[in-house]
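Participant: Input: one structure, supplied below.
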């Protein structure tokens, strides 16, 4: 008696609109069930993909079907689709998954494009897949062209609108309803609040950074549109999105999130939520706060605090100003210098005075070995914890490699004893899989061991701390006046000047990196960072410290 083949149906439509209107899935299901019945197949499972593109494999039901089809034993013998384009519209990916299923004894069958297994039919299937891929790309091109024209006319192309806006029906053209954006009164005030905090802070407390705004919103239970908590990425996107000044940019990025040429971007006019002056001021402040924009020249320039000195009032950079034909030099708030006191009331301070205050404080408070050990203790504790976790990970990898080696040995013993058929195609795949698993575990273990040994060799000793403090103290100042900026950067990555105090912020990680460089035999100059681009001012993974001193 012949056992009937078990079949799995895979049904797919390209868009959510097709799925909602039920135009294709029922027909595919009907034809698939009839196809299985006419050939005596037993219908084992049906996978329905409602509104997913076949140009990639990011489809939940598709992945569930592939996982089942490649498991041992597979719950079905054939996969039935209406056409190969329902399965994939990329010829390379189609062949990849066809072969992946075939390795487990599962075949792909098309209701409307019946093919055999001989080389000629395989080639025909590949040619059809190429045509399906070409047609998909042509359709995408035509759809994008229509969407760009729709955007040029000021209409919304769909998708979720930016928070602060909602979609409304604008006009009807035949059977199509054209839509536009209007301000959503429910969330518009939240957007205005975010820009106001970035510009002036809370009750005039001064401009706030993205992280501070997130903390402010979440602390006051001001939720997102979906009722969730705010994140740094969300707030930053809002603060940099030109939609809020009435210029929504359509077709700005590719599917890979890469920026397209400006000639491809279509600007859609929408009701503005924020005035342009506010938006431009916020962009300037975001740029000034961004540590990635600090050029390397600020580290090797002629002034001590260039690039790391900021006004505590507005967050703007403190730049050098001169008086009396250059006889006197000051650090002054750049915002105040450009816009006057209406922009910022921040102060000016003589360059020599501020330089001296900062250097004296660092020499007094940090260039003492016991103080340095206290500052770095938390970082060293975390390094020890990471070392313990890495040792546990290495042990787990070694255990996995040993277990896999044992399973391979059992397979070899079974082959020698004649208990396993050498012609079994699954045997070779099994052996290859176990070898790959064993080899990968060994490579990962060796890499983790090397990292552990490297970190162990970088242990910080009291002698290293004392040597570093002595060297920095000697080289912080230059004979005849002046300072060494490269050594300063090991201790301070941001200096904020307020009316009655100066706040020095730095990273414990930078101190640790410098100490490790000295301990490995490098000179103090090599250990000191030439440019610090990844500094963040709040308590975070960089383990920053903050020192306040009277000015």
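Numbering (this note's numbering), first residue to last: 357 to 907.
A virtual CB, placed ideally from N, CA and C, is assigned to each residue, including glycine.
Just so it is clear, the structure is predicted and the values come from calculations on it, not from any experiment.
#1: List the DSSP bridge partners of residue 674.
#2: Do you know how far the Cα of residue 791 is from the Cα of residue 909?
#3: Distance check for residue 482 and residue 451, CA to CA, integer angstroms please.
#4: For residue 365, name the three-state secondary structure that DSSP assigns.
#5: For residue 564 versus residue 573, is the C-beta spacing smaller than 8 angstroms?
#6: Which two residues bound the contiguous alpha helix (DSSP H) that contains residue 570?
#7: Roughly how many angstroms separate the alpha carbons of residue 625 and residue 380, rounded to a whole number?
#8: Which parts of the stretch 466-509 are runs of the alpha helix (DSSP H), unbroken and 4 residues or longer, counting only runs that do not cross its ends?
#9: I believe residue 844 touches residue 804 by the beta-carbon criterion, under 8 angstroms. Please report the beta-carbon distance rounded to the nearest angstrom.
#10: Check whether the Cβ atoms of residue 760 and residue 793 lie closer than 8 angstroms to each other.
#11: Among the residues of its own chain, which have a CB less than 7 angstroms from the CB of residue 634, if the five just before and after it don't count?
#12: Which runs of the beta strand (DSSP E) spanning at least 3 residues fall entirely within the stretch 605-636, listed in chain order?
#13: Name the residue from 392, 772 and 826 whose alpha carbon lies nearest to the alpha carbon of residue 725.
#14: How long is the line joining the alpha carbons of residue 796 and residue 743, rounded to whole angstroms?
#15: Would you identify the three-state DSSP class for residue 588, choosing helix, strand or coil?
#16: Please confirm whether residue 600 and residue 850 have their CB atoms less than 8 angstroms apart.
#17: Applying the criterion that 16 or more other CB atoms from any shown protein chain within 10 Å of the CB defines a buried residue, is residue 448 buried or exposed?
#18: May I have a chain-ordered list of the alpha helix (DSSP H) segments no shorter than 4 residues that lie completely inside the stretch 709-789?
#19: Pick from 775, 594, 857 and 436: whose alpha carbon is nearest that of residue 398?
#20: Per DSSP, residue 402 forms a beta bridge with which residues?
#21: With distances taken between CB atoms, is the gap from residue 581 to residue 519 smaller than 8 angstroms?
#22: Which two residues bound the contiguous alpha helix (DSSP H) that contains residue 519?
#23: Tell me, which residues are paired with residue 528 by DSSP?
#24: Using a 10 Å radius around the Cβ and a threshold of 16 neighbouring Cβ atoms, would you call residue 587 buried or exposed?
#25: When the Cα atoms are used, what is the spatial distance from residue 608 to residue 543?
#26: If you run the structure through DSSP and keep just helix, strand and coil, what is residue 850?
#27: Using 10 angstroms around the beta-carbon of residue 370, count the other beta-carbons present and answer buried if the total reaches 16, otherwise exposed.
#28: Going by DSSP, which residues form a beta bridge with residue 359?
#29: Secondary structure at residue 603, three-state DSSP: helix, strand or coil?
#30: Beta-carbon within less than 8 angstroms of residue 469's beta-carbon, same chain only, minus the 5 sequence neighbours each way: which residues are those?
Facilitator: In short:
#1: 689
#2: This structure does not reach residue 909, given that the chain is present from 357 up to 907, and the question cannot be answered.
#3: 8 angstroms
#4: strand
#5: no
#6: 566-575
#7: 36 angstroms
#8: 475-508
#9: Between residue 804 and residue 844 the Cβ distance is about 36 angstroms, and since that is not below 8 angstroms, they are no contact.
#10: yes
#11: 551 and 555
#12: 622-625
#13: 826
#14: 21 angstroms
#15: helix
#16: no
#17: exposed
#18: 725-772
#19: 436
#20: 365
#21: yes
#22: Unbroken run through residue 519: none, as it is neither H nor E.
#23: 533
#24: exposed
#25: 25 angstroms
#26: strand
#27: buried
#28: According to DSSP, residue 359 bridges with nothing at all.
#29: strand
#30: 439, 440, 481 and 484
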